[in-house]
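Each protein sequence line maps, in turn, to chains A and B.
Residue numbering for the first sequence follows our numbering, beginning at 1 and increasing consecutively.
Residue numbering for the second sequence follows our numbering, beginning at 1 and increasing consecutively.
Each residue gets a CB set at the ideal place from its N, CA and C atoms; glycine is no exception.
Structure record follows, encoded as structure tokens.
Protein chains: 2
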Amino acid sequence: MENKQFVNEIADINTDFAQWYTDVVIKTDMVDYGPVKGTMVIKPYGYAVWENIQQYMNKEFKKRGVKNAYFPMLIPESFLKKEAEHVEGFAPEVAVVTHAGGEELSEKLIIRPTSETIICDMYSKWINSYRDLPMAMNQWCNVLRWEKTTRPFLRTSEFLWQEGHTVQASPAEAEADTQEMLKVYSDCLKNLLAIPTLTGRKTENEKFAGAVATYGMEAIMKDGKCLQAGTTHDLGQNFAKASNIKFLNKEGVLEYGYSTSWGVSTRLIGALVMVHGDERGLRMPPNVAPIQAVIIPIASKKEGVLEKCEEVRTLLESADLRIELDNSNNTPGWKFNEYEMKGVPLRLEIGPRDIENGVATAVRRDTHEKVQLSLDNIVEEVKNLLANIQENMYKQAVENFNASLVETDDFDTMVKEINDKKVALCYHCGDSACEKEIKDKTTIKTRVIHSYDNNHKCIYCEKPSKYRVYFGKQY
Amino acid sequence: MENKQFVNEIADINTDFAQWYTDVVIKTDMVDYGPVKGTMVIKPYGYAVWENIQQYMNKEFKKRGVKNAYFPMLIPESFLKKEAEHVEGFAPEVAVVTHAGGEELSEKLIIRPTSETIICDMYSKWINSYRDLPMAMNQWCNVLRWEKTTRPFLRTSEFLWQEGHTVQASPAEAEADTQEMLKVYSDCLKNLLAIPTLTGRKTENEKFAGAVATYGMEAIMKDGKCLQAGTTHDLGQNFAKASNIKFLNKEGVLEYGYSTSWGVSTRLIGALVMVHGDERGLRMPPNVAPIQAVIIPIASKKEGVLEKCEEVRTLLESADLRIELDNSNNTPGWKFNEYEMKGVPLRLEIGPRDIENGVATAVRRDTHEKVQLSLDNIVEEVKNLLANIQENMYKQAVENFNASLVETDDFDTMVKEINDKKVALCYHCGDSACEKEIKDKTTIKTRVIHSYDNNHKCIYCEKPSKYRVYFGKQY
């Protein structure tokens, strides 16, 4: 009964996925709309997910010698114009500061939509010799891109991200860096968020404004649409030339550096919701869950119940688990619904009978299975169960992912499949005009290149193929 | 010799403290100037200090139920105007976005100089009943205040900070919160940064624009000037009324909430430099040092030296110590200078003779003492030594702090002492006009109130005293 009542609060995931998404992120207190159109407030339950992502990434960055820093948010308008493609890509989306300190500024300042131009400007001062390379810094910050159509986490004017920027001594090292960071990202999605991804190079049409090559990581949502979940860019010498980053190489010759950049954003939170969520709300993989297990006292006024709950909480927390004990006046049934909707991976019910039997009753969010855990060995049993849930959720996500992929050589079939919530792997000629024609006609875009292949025909124009590429709809 | 050469790179701390500060923060790679006037780039060595502060604070916030969140950076201009004193205080310093997405905006947006107005606006939607209180969130973010005269870390247009915002159910709870957070801040400065502080209420003239009461934490720099290192504000019902934050209290009556806010910023990094630095550069207290110990191989090409250094590094790192091993081609002498300037608390030299004797030669940054540490017990010995350095640096800082404080009842003496690098504790009538006259005449301002006292005479106007208050020059 209680579940029924509860489920009614969020739209049906099968019939209205878009409304389901909005209901879930708002009603679980992950996010709210900000007062300025297109902005969001990331509430504690959403922000905690971001903090867990930050923690994971920071470790990976550190292992690879990438150091955190912070660069100014305001960029002189002239900087943006230094790289021709870059300004074309970003100028329409920027917010402009014209006045400050009560006066009109002599040069307009833009709020960073991304920081290549300002970071490369600083790098040009700091880099002199090959001994200074690679230079690799990352910043966690806010960025702003004025968007017409926005949705919490997925597309907002302001969002949070990390942007890594490196300068390397050779094209090979720059290229290797973009591959390495793409791997870091896809490993994060796999290990932390339990999300499988497609990774590969983006086509010329879809690359970053100013890059030589862009690599993308695509997750597939439950409605079959792709979500670009991270990108890495080989910028060649484009930004180095624009910002005059020169270094004395080992042969004593002055040379432009080879730069890269790469980023993931709070979009990942949206991906998490749309890959794992179900008709009851969120489902959080334990590794990233703000609350890994919630303890719910049953008949909490009975002697010893609350004490036992507190004891278990303390034990689990001292094992570095993220635990909540809900001792509020709400009924157990209300609490069951609440934490199901919030996607807490494990619920531990502890009542007089459980205590008598020396157990806690555990209910998994992923399978709804009920298991008795021994209170004597509660830390290990909870840890094992959480590991098992993490593994199972990844397995479920991989199944959905695989079920979303189709291969076809026929254009009409491709369109039909994609309209039927699929992602299609097809041969393509690699011609930008042909790709654009497909997009204009169907709103279907390429996602990432699967492999290079000259032995087939383009799915659309039937000229010789250049590569196999994933086509799909996107967020 | 090498030290001599090195010291010449930074200005003399005794004769030109201001230039010494700039030299130190720039040459140790903590910070650089950004391309827009008044902005700074926080480089990895400075940012790591900030990350250590964040880590400490986050634990303290969590213990007190304060949750991290993120609110939008852009605030509608109308929001700022909701609280009369607040707009008067901040309007002259704000940066204004007038255009975005290629169009002129219908309402101008300001970049947050602080977030009371936008956070209270959101709180008004989320708070309904006393059950929702206290509501306590914190955000780590950038803020912008257009400043005419700027210095890295101390005063810049954009800076990083944390701002905590709470709504409480009663004036007593709001007041208690401001006291509690002030204690958290001063404990952080004591335990992490080894900095003693003066804490207390600010006078009416010096309080936050829109607050009922502001409490401040003041650190004293080596040149005798005060640095406001953190503030907490009891906002009473001012912002609750402006933003319509109402809650149903336990008696079932609708009432305005009582809000507070509190913050510390990247200024703290400046305080760290100016409290502990010496003629050779930075001195980092171990608890906050980005590098707690640097290992320098001596005769690194001799067999076994580098291996031993690596082994020691691994041991120390696995004990969660922050260690650097400098195996570059620079001479040991060059390295000694470099890490002294960077203020690394402990240097470990390991050469063939040390290895033969089963020791590492440790040199303390705080006392320049040399000690032999047993390699067999290196983790514990390094840990003990670092704890000892932390304690000693706090002791040294307290000595300087105490030596800076004077008490006087004579105005001319006060001015003379303060001009002679002191902070003076004096009686004052509490009259804003009197306080302002002192400021206009001498540039000397009140720092924090020491205690309330009606039994003496004002140091300036000789009317009956209201309180004893610290006077000093400030950053």
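Inset, instruction - Establish whether the CB of residue 68 of chain B and some CB of chain A are separated by less than 8 Å. - result: Yes, contact with chain A.
Legend entry - Neighbour flag for residue 43 of chain A against chain B, beta carbons, 8 Å: Judged by the 8 Å Cβ criterion, residue 43 of chain A is in contact with chain B.
Inset, instruction - Have a look at residue 327 of chain A and residue 275 of chain A and give me their C-alpha separation to the nearest angstrom. - result: Rounded to the nearest whole angstrom, the CA to CA distance from residue 327 of chain A to residue 275 of chain A is 31 Å.
Legend entry - Residue of A:460, A:451 and A:343 minimising C-alpha distance to residue 476 of chain A: Look at the range of chain A in this structure, 1 to 475, and you will see that residue 476 of chain A is not part of it.
Inset, instruction - Using DSSP bridges, identify the partner residues of residue 159 of chain A. - result: A:143
Legend entry - Cutoff 8 Å; reference residue 273 of chain A; Cβ partners in own chain excluding five residues on either side: 21, 24, 25, 30, 153 and 282
Legend entry - From B:336, B:69 and B:187, residue whose alpha carbon lies closest to that of residue 198 of chain B: Cα-wise, what sits closest to residue 198 of chain B is B:187.
Legend entry - Closest by C-alpha distance to residue 262 of chain A, when choosing among A:185, A:334 and A:286: A:185
Inset, instruction - Below 6 Å CB to CB, which residues in the same chain sit around residue 371 of chain B once its five sequence neighbours on both sides are set aside? - result: 362
Legend entry - Presumed contact (8 Å Cβ cut-off) between residue 286 of chain A and residue 137 of chain B, rounded CB distance: Not a contact, Cβ separation roughly 25 Å.
Legend entry - Spatially closest choice to residue 377 of chain A from A:359, A:369, A:391 and A:208, by CA coordinates: A:359
Inset, instruction - Drop a sphere of 10 angstroms on the beta-carbon of residue 253 of chain A, count the other beta-carbons inside from all chains shown, and report buried for 16 or more, exposed for fewer. - result: That one is exposed.
Legend entry - Closest residue to residue 440 of chain A among A:120, A:415, A:324 and A:92 (Cα-Cα distance): A:415
Legend entry - Cβ-Cβ distance between residue 161 of chain A and residue 265 of chain A below 8 Å: yes
Inset, instruction - Consider the Cβ of residue 320 of chain A: report whether some Cβ of chain B lies at a distance smaller than 8 Å. - result: no
Inset, instruction - Specify whether the region 443-452 of chain A and the region 402-412 of chain A touch according to this definition: at least 3 beta carbon pairs, one from each stretch, less than 8 Å apart. - result: no
Legend entry - residue 355 of chain B vs residue 305 of chain B beta-carbon contact at 8 Å: yes
Legend entry - Alpha-carbon spacing of residue 195 of chain B relative to residue 395 of chain B, whole angstroms: 9 Å
Legend entry - Residues of the region 213-241 of chain A whose Cβ lies closer than 8 Å to any Cβ of chain B, in chain order: none
Legend entry - Any chain B beta carbon closer than 8 Å to residue 476 of chain A: For chain A, the structure presents residues 1 to 475; residue 476 of chain A sits outside this window and is missing.
Legend entry - residue 233 of chain B, DSSP secondary structure in three states: strand
Legend entry - DSSP three-state assignment for residue 13 of chain B, whether helix, strand or coil: coil
Inset, instruction - Give the residues from the region 44-62 of chain B that approach chain A closer than 7 Å (Cβ to any Cβ), ordered along the chain. - result: 44, 47 and 51
Inset, instruction - Classify residue 456 of chain B as helix, strand or coil using the three-state DSSP reduction. - result: In this structure, residue 456 of chain B counts as coil in the three-state DSSP scheme.
Inset, instruction - Spell out whether any CB of chain A is found under 8 Å from the CB atom of residue 245 of chain B. - result: no
Inset, instruction - Compute the Euclidean distance between the alpha carbons of residue 278 of chain B and residue 256 of chain B, then round it to the nearest angstrom. - result: 51 Å
Inset, instruction - Could you tell me the distance, in whole angstroms, from the CA atom of residue 226 of chain A to the CA atom of residue 219 of chain A? - result: When rounded, the separation of the alpha-carbon atoms in residue 226 of chain A and residue 219 of chain A is 6 Å.
Inset, instruction - Tell me, please, whether the CB atom of residue 135 of chain B is closer than 8 Å to any CB atom in chain A? - result: no
Inset, instruction - Would you check if there are 3 or more beta carbon pairs closer than 8 Å linking the region 117-132 of chain A to the region 63-77 of chain A? - result: yes
Legend entry - Through-space distance from residue 48 of chain A to residue 193 of chain A, alpha-carbon basis: 13 Å
Legend entry - Whole-angstrom distance between residue 28 of chain A and residue 204 of chain A, CA atom to CA atom: So the alpha carbons of these two residues sit roughly 39 Å apart.
Inset, instruction - State yes or no: is the C-beta of residue 229 of chain B within less than 8 Å of the C-beta of residue 182 of chain B? - result: no
Inset, instruction - Kindly provide the ranges of any alpha helix (DSSP H) runs that are 4 or more residues long and lie completely inside the region 25-69 of chain B, ordered along the chain. - result: 44-63
Inset, instruction - Tell me, please, whether the region 416-432 of chain A touches the region 307-318 of chain A by the rule of three or more beta-carbon pairs shorter than 8 Å. - result: no
Inset, instruction - Identify the contact partners of residue 160 of chain B in chain A, using a Cβ-Cβ distance below 8 Å as the criterion. - result: 70
Legend entry - Cβ distance (whole Å) where residue 158 of chain B is taken to contact residue 110 of chain B below 8 Å: The pair is not a contact, with the Cβ atoms about 14 Å apart (cut-off 8 Å).
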